[in-house]
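So the structure is just underneath, and the comments pick up after that.
Protein chains in written order, with our numbering: chain A, 174 to 506; chain B, 2 to 96; chain C, -7 to 536; chain D, 106 to 335.
What follows is the structure, given as structure tokens:
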């Protein structure tokens, strides 16, 4: 019966080993603690049971004993806390240069889109041995991207990007669940993460209906929405030059400095006057309601591709030489 | 009767101070003091709240130590709510 | 079993003081209000329990084949709402607390008897509203009613259920407020803070949380209702609002609420163990102050429910460390209870069996909390059946075991009758076995990755779910038994003496059942709490 | 606050389960203060939402706050402080057993309360006309004229007015409850229900009223004076 009744799911990612190590350590520590207390209870209950001629012996409390069984648990707790925090930080900082998959969670399905343009629903094909970073948003309510085999879970909140990352170590098909209650078919919002050998993955990638990479779709959107009229690459237009913006700090009109991450680009498209770059006028119209979540992913991918070095850059970016100085100086203060 | 008269005059004094402070907080709001503005606004409001609590609500003269303990603990738990949820929002941009 | 007439009429007590519906529905006697609460809370317990059974039946098979998805979502929502707001929060304070707090500190009644009756009427109004909401459609958001699902993506009766919880919240506030004022202002002469029973300390700490925490969920419900009814989109991401703000405000109350549930049961166990071990509690001051410490630290840790919700990593660090801080007082209590057994003279009466059950199960529940507070593991196990098992170990294993132990321990004082000891022990055993069979498999299910609130699940989880469902039926039988033999004992039970367990405490120094004003004349306390060396144990206090 | 000498051996207002009037009075006072702490935490939830949204959207909150009429806000503050004064004098009158003065001050408090609610209604009507009420009709175009640095984000401005209507609305509800309470008390006071040795309901209602005043003392700067010097 216990041959195939495992106590934990398959370990299919780098982080899974660390989480299971802490889990087993905790099982041992709490198991010993339970054993200690249960044996004390049972032994005391048996040895000191009420029987004629046996009187209870009163004893006052003892301060040193109280202090020991407060301090020791506290020290053990702090050790567990630090160990847990170390794993948590590793889980929440995606390594640079990891492969990106854009995700849109909507009521009761997962929509994935690879940078190369491959679209999937409730199925996620990823290569073994590569860091994969999930850039996720939700169209309606809060969902939660949960792959037990990778030991990762990340709530997907509407209105902003959430990121989760994993590095698959074993090929195979693993469960994907939605872990935050999201309505009628919450239990139906499941899927599979298919981890493939790199060669198979490339073959699968090539085979799919090539609707053009995400970046080219993004570039198309960029043109059709008329962005280049202000965001020019050659001269200094009315909007900031977007080349090399992603990932770097941006000085804002009211003196704040923010790092241009996916959320910054998303907010600048949907709510432009929230964070105006210093030296520019707040004249950008809002695109709230004009851009779907998929189109937003494409635009964000395109803007990100503008700041990737040429070699790693995805195909199809207008690789004009970025203007020498980021900010020209003739704008009136 | 005189002790009674004195207390009425005292309450009128507190009342006038509160009015002056209201005028002050409204007036100061028009002066650009940068980050100091919210500090002053809350400071004046807290002074007014203390005046009302200590003298109008008789917290000052009461022999009941328990009243003060209840008020302070209430404000402490309010600060817990504000402070710890702010801890989340303030550091969210760091990661 | 000689059927003896009701306790001889010339002995006036709160039960035969006056008769008739008016004497019950308009009573301001804290003991009668406790019985009114006992009846209404037991009713809601069986409603919630019925929903639990349906949930377990549905989960017998991987496919969703007993009820539809919507019905299943409403089932676990109603199970959560009824159990949390109408059973776990009020049960021990409103039943045992209302009955015993005044007697234990030697006063005639609570400070505000009429507000105490109002508290019961608010509970009944809230209960009626919740029943109406259930019968006319129910709610499908989970008892946590997270935004934006509850505010914008469902049209079930959120506002009605919210109003019911809002009113039940005020019932809880008034109970807490009544206890604090009574404990501060109306203790009998000589009843200093260090002579008070630990039952009182536990209810004092619980009342602090009730008074300070409940208003915050009241405003959260108002904000959700305002967003649904008046389009005041405070949590609406489209306006720039933040759904996480809802979670902060919700869990600011809802985590301390779990301490409102567990602390009173800890108080009950702190009374039972010394009595049946015939020993003074080990480390009185530490156990007393750890109750208050749990109440205060309980307010620092709420965001450990939100580690994966998208909150900041650094704030998650703070809350994870503080969550370990709040575990220390609970550990102190468990160690002190175990130490009390050392060199005692322990008899295995039903209350003591429930106390042992509490000790075992609460320890397991508390220790699994350490898994959840560790950030690395929480990412994997939050929102899975591991969490479901953790809080059921604390609530069903802890709160309910403590409540049943307390009901058996004080039943002679409440009804003037003894419950049948044999049946009591049998029921305790069935409850213990049924409980473990139901909820232990869920720990394994949780770590295997089965998410909570799932109507259908992958087939490989079925074996453990079948075990859990089997356990739930055993548990249900275990809970029906006490109701049966308590009612039976009202009529046919042995007449109880004033102090059948030879226990310490003012409540055992008055008659069973006590007169309306609890004592002939106000007692003067000149003895320490739990001084069992001066109380001779009866040669055979309980049928062997 | 000295205790007036207990006239009759057993004061008629003494409830059975208290041993003496002092114990009853202290219990009532502690009970009231605990209730006020629940009110602090109740409003605290909204202040928490306000704090977080103000820090997140300061510029839009400033623009929206400037659209509030400061004259009405300041007058309302003065009116409410005035009503706090009349309540204190009412409690003072009750303490010295002067029934006539007690009733007049209670009536003055009710009057000032109604004036406050009237001004509030005027403000709400003004906001309704300017389409500043959150919901489908919401349209906030910021100040006219002034060299507007940047257009206001509609969503964030609407969040300000969501908080404005929630906090001042909940405060107004508490005012209405207070006015209702004082009307009942005036009736009972008029019938001589309260003596110099038993006036706890007057005192506790006074505490409630002062608390509602303190809430407004904080609401006024936080909502009206975010950034007037722009």
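The beta carbon of each residue, even a glycine, is placed where N, CA and C say it ideally should be.
**OP:** Return the CA-CA distance between residue 271(C) and residue 493(C), expressed in angstroms with no decimal places.
**Re:** The residue labelled residue 271(C) in the question sits at position 279 within the third chain. The residue labelled residue 493(C) in the question sits at position 501 within the third chain. Distance between the alpha carbons of residue 271(C) and residue 493(C) is about 13 Å.
Subject >> Within chain B, the residues that residue 382(C) reaches when beta carbons sit closer than 7 Å >> reply: Translated into positions along the third chain, residue 382(C) becomes position 390. Simply none; closest approach about 23 Å.
Original post:
Mind checking residue 281(A): buried by the 16 CB within 10 Å criterion, or exposed?
Top reply: On the first chain, residue 281(A) is found 108 positions in, with the first residue counted as 1. The residue is buried, with at least 16 neighbouring Cβ atoms inside 10 Å.
Original post:
Counting only beta-carbon atoms, is residue 520(C) nearer than 8 Å to chain A?
Top reply: Indexing the third chain from 1 puts residue 520(C) at position 528. No, no contact with chain A.
Subject >> Straight-line Cα distance separating residue 249(A) from residue 303(C) >> reply: Within the third chain, the letter at position 311 stands for residue 303(C). Within the first chain, the letter at position 76 stands for residue 249(A). Our two residues, residue 303(C) and residue 249(A), have alpha carbons roughly 26 Å apart in a direct line.
**OP:** Return helix, strand or coil for residue 298(C), following the three-state DSSP convention.
**Re:** By 1-based counting over the third chain, the position of residue 298(C) is 306. Residue state, collapsed to three classes: coil.
Subject >> Supposed contact pair residue 20(B) and residue 320(D) - C-beta distance, whole angstroms, cut 8 Å >> reply: One-based indexing of the fourth chain puts residue 320(D) at position 215. One-based indexing of the second chain puts residue 20(B) at position 19. At roughly 18 Å, the Cβ-Cβ gap does not stay under 8 Å, so residue 320(D) and residue 20(B) are not in contact.
**OP:** Determine, using beta carbons only, whether residue 432(C) and residue 374(C) come nearer to each other than 8 Å.
**Re:** What you label residue 432(C) is simply residue 440 of the third chain in a count that begins at 1. What you label residue 374(C) is simply residue 382 of the third chain in a count that begins at 1. Not closer than 8 Å, so no.
**OP:** Can you give me the start and stop residues for the beta strand (DSSP E) that residue 304(A) sits inside?
**Re:** Position 131 of the first chain, counting from 1, holds the residue named residue 304(A). Here the beta strand (DSSP E) through residue 304(A) covers 304 to 311.
**OP:** For residue 304(A), go through chain D and note every residue whose CB falls closer than 7 Å to its CB, in chain order.
**Re:** Position 131 of the first chain holds residue 304(A). Ordered by position in chain D, no residue passes the 7 Å Cβ test against residue 304(A), which lies about 32 Å from the chain.
Subject >> Contained alpha helix (DSSP H) runs [length at least 4] in the segment 3 to 36 of chain C, N- to C-terminal order >> reply: The alpha helix (DSSP H) runs of length 4 or more contained entirely in the segment 3 to 36 of chain C are, from start to end of the chain, 13 to 17.
**OP:** Taking residue 10(B) as the query, report the chain C residues whose CB atoms sit under 7 Å from its CB, ordered along the chain.
**Re:** Taking the second chain and counting its residues from 1, one reaches residue 10(B) at position 9. None at all; the shortest Cβ gap to chain C is about 34 Å.
Original post:
The beta strand (DSSP E) with residue 346(A) in it runs from where to where?
Top reply: Locating residue 346(A) in the first chain gives position 173, where the first residue counts as 1. Annotation for residue 346(A): the continuous beta strand (DSSP E) segment containing it runs 345 to 351.
Subject >> Beta-bridge partners of residue 365(A), as assigned by DSSP >> reply: Here residue 365(A) refers to the residue found at position 192 when the first chain is read from its first residue. In DSSP, residue 365(A) forms a bridge with 296(A), 348(A).
Original post:
Any Cβ of chain A within less than 8 Å of the Cβ of residue 241(D)?
Top reply: Counted from its first residue, the fourth chain places residue 241(D) at position 136. Not closer than 8 Å to any Cβ of chain A, the Cβ of residue 241(D) fails to qualify, so no.
**OP:** Check the DSSP bridge columns for residue 325(A) and list the partner residues they point to.
**Re:** On the first chain, position 152 is the one that residue 325(A) refers to. For residue 325(A), DSSP records a beta bridge to 320(A).
Subject >> Minimum C-alpha distance to residue 16(C) - residue among 109(C), 397(C), 376(C) >> reply: Position 24 of the third chain, counted from the first residue, corresponds to residue 16(C). Minimum Cα distance to residue 16(C) is reached at 109(C).
Original post:
What's the call for residue 353(A), buried or exposed, on a 16-neighbour Cβ count within 10 Å?
Top reply: Counting from one through the first chain, the residue named residue 353(A) turns up at place 180. It is buried - the Cβ of residue 353(A) has at least 16 other Cβ atoms within 10 Å.
Original post:
Which bits of chain C does residue 192(A) rub up against, with CB to CB less than 7 Å?
Top reply: By one-based count along the first chain, residue 192(A) stands at place 19. Within chain C, the residues near residue 192(A) are 368, 369, 372.
Original post:
If you measure from the beta carbon of residue 79(B) to each beta carbon in chain D, is any gap under 8 Å?
Top reply: Translated into the one-based positions of the second chain, residue 79(B) becomes position 78. So yes, residue 79(B) belongs to the interface.
Original post:
Mind checking residue 294(C): buried by the 16 CB within 10 Å criterion, or exposed?
Top reply: Reading the third chain from its first residue, position 302 is the one you call residue 294(C). Buried.
**OP:** Return helix, strand or coil for residue 209(C), following the three-state DSSP convention.
**Re:** For the purposes of this step, residue 209(C) is identified with residue 217 of the third chain, where counting begins at 1. Correct three-state label for residue 209(C): helix.
Original post:
So which residues of chain D does residue 207(C) contact, with C-beta pairs closer than 9 Å?
Top reply: Reading the third chain from its first residue, position 215 is the one you call residue 207(C). Per Cβ cutoff of 9 Å: 142, 143, 144, 145, 146, 147, 148, 149, 150.
Subject >> Proximal residues, the segment 156 to 188 of chain D versus chain E, C-beta separation under 9 Å >> reply: The structure shown contains no chain E; the protein chains it does contain are A, B, C and D.
**OP:** Report the three-state DSSP secondary structure of residue 335(C) (helix, strand or coil).
**Re:** Sequence index remark: in the third chain, residue 335(C) carries index 343 (1-based). When secondary structure is reduced to three states using DSSP, residue 335(C) falls in the coil class, being assigned neither helix nor strand.
**OP:** Check the Cβ of residue 258(D) against every Cβ in chain A and list those closer than 7 Å, keeping chain order.
**Re:** Walking along the fourth chain from the start, residue 258(D) turns up at place 153. 444, 446, 447, listed in chain order.
Original post:
Taking just the CA atoms, how far does residue 496(C) sit from residue 509(C)?
Top reply: Translated into positions along the third chain, residue 509(C) becomes position 517. Translated into positions along the third chain, residue 496(C) becomes position 504. Put simply, the backbone Cα of residue 509(C) is about 20 Å away from that of residue 496(C).
**OP:** For chain C, find out if any of its Cβ atoms is closer than 8 Å to the Cβ of residue 330(A); answer yes or no.
**Re:** The residue you call residue 330(A) lines up with position 157 of the first chain. Among the CB atoms of chain C, one or more fall inside 8 Å of the CB of residue 330(A).
**OP:** Would you mind reading off the limits of the beta strand (DSSP E) that contains residue 424(A)?
**Re:** What you label residue 424(A) is simply residue 251 of the first chain in a count that begins at 1. Taken as a continuous stretch (DSSP letters only), the beta strand (DSSP E) holding residue 424(A) covers 422 to 424.
Original post:
In chain C, what lies closer than 7 Å to residue 92(B) by C-beta?
Top reply: Here residue 92(B) is taken as the residue at index 91 of the second chain, counted from 1. Correct list: 304, 306, 307.
Original post:
Since residue 287(A) sits in a beta bridge, which residues does DSSP pair it with?
Top reply: Counting from 1 along the first chain, the entry for residue 287(A) is found at position 114. Its beta-bridge partners are 274(A).
Original post:
Can you list the residues of chain B that residue 318(D) reaches, using a CB-CB cut of under 7 Å?
Top reply: Here residue 318(D) corresponds to residue number 213 of the fourth chain, with the count starting at 1. Residue 318(D) reaches chain B at 53, counting residues in chain order whose Cβ is nearer than 7 Å.
Original post:
Whole-angstrom Cβ separation of residue 537(C) and residue 462(C), contact assumed at under 8 Å?
Top reply: Since the displayed chain C opens at -7 and closes at 536, residue 537(C) lies outside it and no answer follows.
**OP:** Report the residue from 292(C), 446(C), 473(C), 365(C) whose alpha carbon sits nearest the alpha carbon of residue 414(C).
**Re:** Counting from one through the third chain, the residue named residue 414(C) turns up at place 422. Measuring C-alpha to C-alpha distances from residue 414(C) to each of 292(C), 446(C), 473(C), 365(C) identifies 473(C) as the nearest.
**OP:** Put residue 487(C) into one of helix, strand or coil per three-state DSSP.
**Re:** Position 495 of the third chain, counted from the start, is the residue given in the question as residue 487(C). DSSP, reduced to helix, strand and coil, places residue 487(C) within a strand of the structure shown.
Subject >> C-alpha distance - residue 411(C) paired with residue 311(C), whole-angstrom precision >> reply: Here residue 411(C) is taken as the residue at index 419 of the third chain, counted from 1. Here residue 311(C) is taken as the residue at index 319 of the third chain, counted from 1. Between residue 411(C) and residue 311(C), the C-alpha separation is close to 46 Å.
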